[in-house]
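Going by the numbering used here, the first residue of the sequence shown is number 1223, and it counts up by one from there. The next block holds one structure in the form of structure tokens; read it before the comments.
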Amino acid sequence: MQSVNSRSGVLRVGEKIQFTDRKGKRITAQLVAGGVTQTEHGLICHDDVIGQSEGVVITTVSAKRETQQTIVDPSKSSNKPWKAARAIGGWDYVVMRPRMVDYVLSMPRGAQIMYPKDIAQVIALGDIRSGMRVLESGAGSGAMSLSLLDAVGECGKLTTIELRPDFARIAESNATLYYGKRPEWWNLLTGDFDSVAKTLDAHSVDRIMLDMLDPWNRLEQAHRVIVPGGVLIAYVTTTTQMSRMAEALRESGMWTEPEIQETLERTWKAQG
């Protein structure tokens, strides 16, 4: 496996890569020696990609041609990748490592993910920077965790508390595949937020990110573990949650007046 810092250089076996065609359609795949990726325009042979640099253009081969080259046992469907692809070929794809946003949107999910527009707001408004110690509640599928890991870097530390072990496994798997190995600066714990947070030292984290149904019930432990002047961020999806969180923050008397924002996104397509 590649090291955490080697998301550069030639493309290697085991890496997640992204194929983009002339129409902008993207396909994400993991490079396997001798493997193929099926497309509606033929097959992409992984051996043509491995060892190449990012930006290389790969042309699909016809499924019929690949049939003649790869068939071993006609009785096994695993030796019939051509069945799901049209026997045409000749279609070009640019090969790149996926951006984090591309990886997050294509990775396996257990829970609904936070989307890039919201993740970006969390990082910016929370002033989350290199070297910081961050406490996160709710790993989900790991979308927010990946961005937090990138933001704090190897000189920082991310502690994530996830209630469900199955979600924790999915998040850990996604992070391991993205970085090439499990990030050493990530402490992923399973259990109830309050119960696990009680085991942390007082004033031991710089930032707290709460992504859960009832963040207003977690303010006591959050206040205990955060440093004076630290920032608490809560991600909620309904106005009812927003109202309850704001009321709880004010009633506690331990936090400054909350800032509330909604992020809207509109994409554009330029022609001509």
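Glycine is no exception: its CB is placed at the ideal position from the N, C-alpha and C atoms.
Taking only the alpha-carbon atoms, compute the straight-line gap between residue i and residue j and give it to the nearest angstrom.
i, j, result
"Val1384", "Leu1399", "In the sequence on display, residue 1384 carries Glu and not Val. If you take the alpha carbons of Glu1384 and Leu1399, they lie about 19 angstroms apart."
"Glu1469", "Glu1481", "12 angstroms"
"Ala1419", "Met1431", "13 angstroms"
"Val1258", "Gln1493", "34 angstroms"
"Ser1474", "Ile1455", "16 angstroms"
"Met1318", "Arg1466", "44 angstroms"
"Ile1266", "Arg1244", "15 angstroms"
"Tyr1401", "Pro1387", "21 angstroms"
"Leu1422", "Gly1413", "13 angstroms"
"Arg1446", "Leu1471", "14 angstroms"
"Gly1311", "Thr1281", "7 angstroms"
"Trp1477", "Arg1229", "40 angstroms"
"Ser1359", "Leu1371", "14 angstroms"
"Val1449", "Leu1411", "21 angstroms"
"Ser1395", "Gln1443", "28 angstroms"
"His1425", "Gly1353", "16 angstroms"
Cβ of residue i within 9 angstroms of Cβ of residue j?
i, j, result
"Thr1250", "Gln1260", "no"
"Asp1436", "Tyr1457", "no"
"Val1356", "Val1427", "yes"
"Ile1392", "Gly1332", "yes"
"Val1279", "Leu1253", "no"
Since I believe residue j is in contact with residue i (beta carbons under 8 angstroms), could you give me their beta-carbon distance rounded to a whole number of angstroms?
i, j, result
"Val1283", "Gly1264", "6 angstroms"
"Ile1335", "Val1326", "6 angstroms"
"Arg1351", "Ala1373", "7 angstroms"
"Ala1361", "Thr1382", "5 angstroms"
"Thr1461", "Asp1340", "About 16 angstroms separates the two Cβ atoms, so there is no contact after all."
"Val1235", "Gln1274", "No, Val1235 and Gln1274 are not in contact; Cβ-Cβ is about 12 angstroms, not under 8 angstroms."
"Ala1397", "Leu1368", "6 angstroms"
In the DSSP assignment, what residue or residues form a beta bridge with residue i?
i, result
"Tyr1315", "Asp1243 and Ile1280"
"Trp1408", "Leu1380"
Inter-stretch contact (C-beta, 8 angstroms, three-pair minimum) for the region 1342-1349 and the region 1395-1414: no
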